[in-house]
Every structure is written in C-alpha cells, then in structure tokens.
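Beneath this line is the structure, given in structure tokens, with notes to follow.
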Amino acid sequence: MAKPVNIFLVGATGYIGGAVLTTLLEEKSSPAFPRNNVTALTRSDEQAQKLRFLVVEAVVGSLDDVDTLREVERKSDVVIECAGVIADNAGGMYGTEFVYYDSDADQRILETQPHRDVDLNVVAGDKKGIDTSQQIPGLIRASMDLKLAGMVGEGKNFHPNVHIDDLEHIMRDIAEAMGEALEQLGLTDSFTPSTFTKTELAKYFRRSDNLGTNVRCRGERSRAVGWKPRRITPPKILASIKPEIQNMLAERD
8 MAKPVNIFLV GATGYIGGAV LTTLLEEKSS PAFPRNNVTA LTRSDEQAQK LRFLVVEAVV
68 GSLDDVDTLR EVERKSDVVI ECAGVIADNA GGMYGTEFVY YDSDADQRIL ETQPHRDVDL
128 NVVAGDKKGI DTSQQIPGLI RASMDLKLAG MVGEGKNFHP NVHIDDLEHI MRDIAEAMGE
188 ALEQLGLTDS FTPSTFTKTE LAKYFRRSDN LGTNVRCRGE RSRAVGWKPR RITPPKILAS
248 IKPEIQNMLA ERD
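Residue numbers are given in the numbering used here: position 10 of the sequence shown equals residue 17, and the series is strictly consecutive.
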C-alpha cells in the first residue's frame with residue numbers, strides 16, 4: 008500500500024486553492040498523491056471549522072506566522088502555495104516582455120506589485136527547498152450596460168487565462184471580440200473598444216484598474232512533470248465571449 012502523502016496547502020479557501028483542495032480530496036485524485044493527508048492554513052476559526060468538516064487538518068494563522076509555518080512545513084512532504092499576486096500598475100496602457108518563471112527563484116519581485124511581501128515569502132521558501140474566467144464576465148457586464156465594448160486604458164496589458172482545472176491573452180483582443188459580439192447581437196452601434204472612464208471603473212469595478220495590470224508568468228515546473236493546459240486555449244477564450252453574452256441576456260429575461 009502506498010504511503011500517505013502529507014500535503015500543506017496555503018490558500019485553500021480561495022478560488023484557485025479551493026479547486027486544488029477539491030482535487031486533492033477526491034478519491035484516487037492523482038497517482039502522484041495517493042491517500043492525501045491535507046493540512047490547510049486559514050485565517051479564521053470559522054473557516055477552520057468548515058475545513059475540518061471536509062476531513063482537513065486546519066491551522067489558524069497567516070503568512071506572517073513564521074514559526075507556525077515552519078512547524079507545519081517540517082511535517083509535510085509537499086507544500087502547495089495558492090496565495091499571492093504578480094501584477095504591475097500598467098492601467099492598460101502598455102504591455103510587458105517580463106515574464107515570471109516558477110523555476111527561477113532568483114527573479115526580482117518588483118515593489119509595484121500587490122501582495123509583494125507575500126510573494127517574497129514564497130520565493131524565499133522556494134529557495135530554501137520549501138470555462139470562463141472571472142475577468143471576462145465582469146468586462147462583458149460593464150460593456151453590455153454601456154452598450155459599448157470597454158477596456159482599461161488602451162488594453163495593451165497582458166493577463167494569463169487558464170481553466171480552473173488546468174491551473175495569455177492581450178486584453179485588447181478580448182475587448183475587440185466583445186465589441187464584435189455585441190454588434191452581432193444588436194447591443195451596440197460600434198464594435199470599436201473604448202477606454203473605461205474613472206466613473207465607469209468606480210461603478211463596475213469598485214474603482215479598481217486590476218484588469219489593466221500586466222500579469223505574465225510561466226509554470227515551468229508543472230510542465231516539466233507533464234502538465235499542460237487541456238481545457239481552454241486563447242482561441243477558445245475569444246470564442247466563448249458571444250455565448251457568455253447570450254447567457255447573460257437569457258438571465259435577464
């Protein structure tokens with residue numbers, strides 16, 4: 008019988024982390040991790056109780072609790088980190104050629120990034136050996152309300168898009184695909200994308216220009232062990248926009 012694998016999961020209550028946790032807990036989820044024993048870091052007792060209901064060992068704390076993290080890590084065979092942000096402040100006005108690689112622990116994390124302190128902790132630990140996206144529907148809702156395809160800035164920034172089960176697209180391409188679909192469905196008089204105003208960003212995106220940031224990264228380690236995206240590719244992302252709009256129209260009726 009295979010030896011149980013002790014896994015420490017950080018970010019288990021998040022969008023990506025929750026999907027990872029579900030996969031780890033599924034019966035015979037992966038030949039690489041038979042009979043998983045999962046320990047998850049969570050910030051509150053309430054979240055901890057929910058995780059324990061799923062037969063997950065929950066540890067209450069944060070990424071600032073270094074002693075707690077070290078203690079759990081020492082008992083773990085595998086550490087999976089699903090928290091943190093790698094982005095800049097482009098505001099949709101420019102792209103970037105700089106790409107973060109998970110295989111290069113020496114890459115410099117820029118001071119402009121949200122959650123920079125978290126990312127630095129993750130990299131430090133690494134050096135020691137330790138169908139639709141969420142973004143696109145938000146853009147579509149705002150564009151449908153405005154009756155004009157919208158984008159943050161000039162849409163020149165890059166964002167990765169990957170199916171939740173698979174764990175790059177330039178944003179202007181998405182805006183243009185939205186404009187074309189809106190015109191075909193009679194929801195706009197012009198398919199040409201326009202920049203969201205500050206007022207529109209405040210109304211539809213809580214004043215955030217997050218969808219104008221550059222987020223470029225490559226999971227080389229995952230690919231090195233045979234992973235590759237299966238669920239969705241850039242052409243499929245663009246092709247999904249019109250059906251997404253049609254679904255939203257159906258929900259209005």
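Cβ coordinates follow ideal geometry from the N, Cα and C atoms, glycine included.
Applying the 10 Å Cβ sphere with the 16-neighbour rule, what's the burial state of residue i?
i	result
V73	exposed
V27	buried
V62	exposed
G219	buried
A257	exposed
F15	buried
L32	exposed
N65	According to the sequence displayed, residue 65 carries Ala and not Asn. A65 comes out buried.
A94	buried
E192	With the sequence shown as reference, residue 192 is identified as Leu, and Glu is not the correct amino acid for it. Label assigned to L192: exposed.
Between the Cα of residue i and the Cα atoms of the options, which residue gives the shortest distance?
i	options	result
F105	H166, K249 and K57	H166
N21	T204, R50 and K249	The amino acid at residue 21 is misidentified as Asn; the sequence shows Gly. Comparing Cα positions, the closest option is R50.
L70	A246, G18 and M185	G18
V222	G25, Q56, T29 and Q142	Q142
I87	G157, L189, T30 and P242	T30
A149	T206, G102 and D180	T206
I244	P144, A65, E190 and F203	P144
Y101	E64, R230, A65 and I177	I177
N217	A231, G160 and Q191	G160
Could you spell out the range, first to last residue, of the beta strand (DSSP E) harbouring residue i?
i	result
F15	V12 to V17
E88	V85 to E88
L48	N43 to T49
Taking just the CA atoms, how far does residue j sit from residue i?
i	j	result
C224	Y107	4 Å
V85	V67	19 Å
G98	K82	43 Å
E78	T46	12 Å
L58	S201	44 Å
L76	D260	50 Å
Q56	C89	20 Å
S215	W234	33 Å
Y211	F60	36 Å
D196	P242	25 Å
K35	V232	Here K35 scores only 46 on pLDDT, less than 50, and its place in the model is too uncertain to base an answer on.
In its own chain, which residues sit with a C-beta less than 7 Å from the C-beta of residue i, not counting the 5 before and 5 after it?
i	result
T199	G186
L194	M151 and K154
I137	Caution is warranted here: a pLDDT of 45 is assigned to I137, below 50, making its placement in the model unreliable, and no coordinate value can be reported.
In terms of residues, what are the limits of the alpha helix (DSSP H) holding residue i?
i	result
A188	M178 to Q191
T206	K205 to F212
L218	Run containing L218: none; DSSP gives neither H nor E here.
V73	V73 to R81
E258	I248 to R259
A65	Element bounds for A65: not the alpha helix (DSSP H) but the beta strand (DSSP E), E64 to V67.
K57	D52 to F60
Enumerate in chain order the residues of its own chain whose CB-to-CB distance from residue i is below 8 Å, with the five nearest sequence positions on each side excluded.
i	result
I147	M185, I248, E251, I252 and M255
By Cβ distance, which residues of its chain are closer than 6 Å to residue i, with the 5 residues on each side in sequence left out?
i	result
R179	G162
A182	A156, M158, G162 and P200
A188	I248, K249 and I252
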